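In what follows, a single structure is set out as structure tokens and then discussed.
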Amino acid sequence: MVEKQLLVITGATGSGKTTVSHWLTEMYQIPQVVTHTTRPKRHNEVDGVDYYFETESSLAQKHLIESVTYSGYHYGSSHEALELAWAKSPLISLVVDTKGAQTYLETFGKQVTVLFLTVSEATALISRLEKRNDSPEAIQKRLASAEFKRDLMVSGPLHDQAQIIVNDDWQETQKTLTTIIEQLRQ
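The sequence shown runs contiguously to residue 1434 in our numbering.
Have a look at this one:
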């Protein structure tokens, strides 16, 4: 096993990225790297756990590896957050969009395993966004964004590197993830 490994979890909004990362933490004690955002907290989110909720000026102070604007808000991940997670475990996970996944692959090379989550029917993504209580306006804004459309597909360098997981059936997804983790820990 490579000394420090990073599972980069990517895919469209609603594909299950955060659910997968939380499950990996629960089942395999794989810490999730906490990323930064300027978007407002949702009702069930905790600062420093789900994200570091930042202002524009506080985000500018971070040593970001990658950042993106998504639906008018800034998101990014920092070197400091990676090191904090690696201090807990040599295998960590990170949830980012496909552009961020590509940056991590280019920056960290063989340390990175990319998991691209998708669903067979895009309408399932809308249903998942509604279930997490996103406002109808926020859902429409996300669905109309260029980033959402980009994240529906695995392309470029990710196409050859990503392990594609169709997350239609959670139990099947768990089996696939278990196989991947067992391979990484060999």
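For every residue, glycine included, the Cβ atom is placed at its ideal position computed from N, Cα and C.
The structure presented is a predicted model; accordingly, all values stated were derived computationally and were not measured.
{"Check": "DSSP state of I1278 mapped onto helix, strand, coil", "Outcome": "coil"}
{"Check": "Where the beta strand (DSSP E) containing Y1323 begins and where it ends", "Outcome": "1321 to 1326"}
{"Check": "Contact check, V1344 vs T1258, beta carbons under 8 Å", "Outcome": "yes"}
{"Check": "Cα-Cα separation between T1351 and L1255, rounded to whole angstroms", "Outcome": "13 Å"}
{"Check": "Euclidean distance between Cα positions of T1426 and D1417", "Outcome": "14 Å"}
{"Check": "Backbone secondary structure at T1317 - three-state DSSP", "Outcome": "strand"}
{"Check": "Residues near E1302 in its chain [Cβ-Cβ closer than 7 Å; skip 5 each side]", "Outcome": "H1284, T1285, T1286"}
{"Check": "S1341: first and last residue of the uninterrupted beta strand (DSSP E) it sits in", "Outcome": "1339 to 1343"}
{"Check": "Contacting residues, own chain, Cβ-Cβ under 7 Å from S1368 (five flanking each side not counted)", "Outcome": "V1414, D1416"}
{"Check": "Beta-carbon proximity list for L1339, same chain, < 6 Å, skipping 5 on both sides", "Outcome": "Q1253, I1278"}
{"Check": "Residue of S1269, K1347, K1289 minimising C-alpha distance to V1402", "Outcome": "K1347"}
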